[in-house]
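> Input: one structure, supplied below.
Numbering (the working numbering), first residue to last: 680 to 926.
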């Protein structure tokens, strides 16, 4: 009788794959109130004024440990050697825009909610005082080179960012509740580099805006913005991600 009971339990275990539900990924979100933002993207003479609706965004960047879970599930691609880590208190870096998209897809499937990359305007609003608005650069049709000289001078004044990753720490929290925003990790956005409406016209965008101390335009497959990219202005120190919860 005991043998039969054990056999029955084993059969039931096989039928259910003897698996327990995957533990949920805890995501700390911050609600950002609606507001107006004003910005100028690299290589674009137009200053954009945009109303941003209220939204919820991750309080911190995706950690190394969290990205590693996505790799274990064979949804995200392994990072390059030297960028792989498992720390829960350090941001995952060395990510391309395509990597960031894959993670958003994985987290959405894992959580049953829809996560996406923020638009640049959303990121700027959430960055609050960590975002420094530079004076707009005005194009001179008689001398187009002036734009690039102005952008170069602006980047030179900022100085190079540190390469040392910052832990998620309370002292890095901004006035809206976000950690480590505007530091040395640039965060991928959905925003396409080019004239407004470019992506809507053909559905394709190979260059995206990474948000940080300044907006940076990078190819969507780039993981190393210093060695492997041709970016506008001073390249980002690191590339990571922070996601928005879609309502």
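In this text, a Cβ means the ideal position worked out from N, Cα and C, and glycines have one as well.
If you're wondering where the values come from, they're calculated on a predicted model, not measured in any experiment.
Hey, out of 894, 752 and 886, whose CA is closest to residue 901's CA?
When only C-alpha atoms are compared, the closest one is 886.
> For residue 899, tell me which candidate among 776, 708, 751 and 925 has the shortest Cα-Cα distance.
When only C-alpha atoms are compared, the closest one is 776.
> Rounded to the nearest angstrom, how far is the Cβ of residue 924 from that of residue 708, given a contact under 8 angstroms?
About 6 angstroms separates the two Cβ atoms, so the contact holds.
> Report the option in 882, 791, 711 and 798 whose CA atom is closest to the CA atom of residue 891.
For the residues 882, 791, 711 and 798, the minimum Cα distance to residue 891 belongs to 798.
> Spatial neighbours of residue 803 within its chain, please: CB distance less than 8 angstroms, with the 5 preceding and 5 following residues excluded, ordered by chain position.
716, 718, 810 and 890.
> Compute the distance between the beta-carbons of residue 858 and residue 868, then report whether it is under 8 angstroms.
Their beta carbons are not under 8 angstroms apart, which means residue 858 does not touch residue 868 by this criterion.
> Determine, using beta carbons only, whether residue 767 and residue 790 come nearer to each other than 8 angstroms.
Against a cut-off of 8 angstroms, the Cβ pair of residue 790 and residue 767 comes out as no contact.
> How far does the alpha helix (DSSP H) with residue 868 in it extend, from its first residue to its last?
Note, residue 868: premise wrong, no alpha helix (DSSP H); beta strand (DSSP E) at 864-871.
> Compare the C-alpha of residue 866 against each of 779, 854, 711 and 842 and name the closest.
Minimum Cα distance to residue 866 is reached at 779.
> Report the residue from 922, 903 and 808 whose alpha carbon sits nearest the alpha carbon of residue 760.
It is 903.
> Measure from the alpha carbon of residue 731 to the alpha carbon of each residue in 713, 740 and 745, then state which is nearest.
Closest by alpha carbon: 713.
> Give me the Cβ distance between residue 918 and residue 773, rounded to the nearest whole Å; I'm assuming they're in contact under 8 angstroms.
Indeed they touch by this definition, with Cβ atoms about 7 angstroms apart.
> Distance check for residue 913 and residue 926, CA to CA, integer angstroms please.
For residue 926 and residue 913, the distance between alpha carbons rounds to 35 angstroms.
> Which residues mark the beginning and the end of the alpha helix (DSSP H) in which residue 750 is found?
Taken as a continuous stretch (DSSP letters only), the alpha helix (DSSP H) holding residue 750 covers 743-751.
> In three-state terms, what does DSSP make of residue 709?
Reduced to three states, the DSSP call for residue 709 is strand.
> DSSP puts residue 923 in a beta bridge; with which residues?
Beta-bridge pairing links residue 923 to 736 and 795.
> Tell me which residues share the same chain as residue 786 and place their Cβ nearer than 6 angstroms to its Cβ, disregarding the 5 neighbours each side in the sequence.
Same-chain partners within the cutoff: 794.
> Would you give the residue range spanned by the beta strand (DSSP E) that residue 782 belongs to?
Looking at the DSSP string, residue 782 is not in any beta strand (DSSP E); the run it does join, the alpha helix (DSSP H), is 776-790.
> Can you find the residues in the same chain that come closer than 8 angstroms, C-beta to C-beta, to residue 739, ignoring five residues on each side of it along the sequence?
If we look at residue 739 and ignore the five residues flanking it on each side, its Cβ neighbours are 707, 770, 847, 857, 858, 859 and 921.
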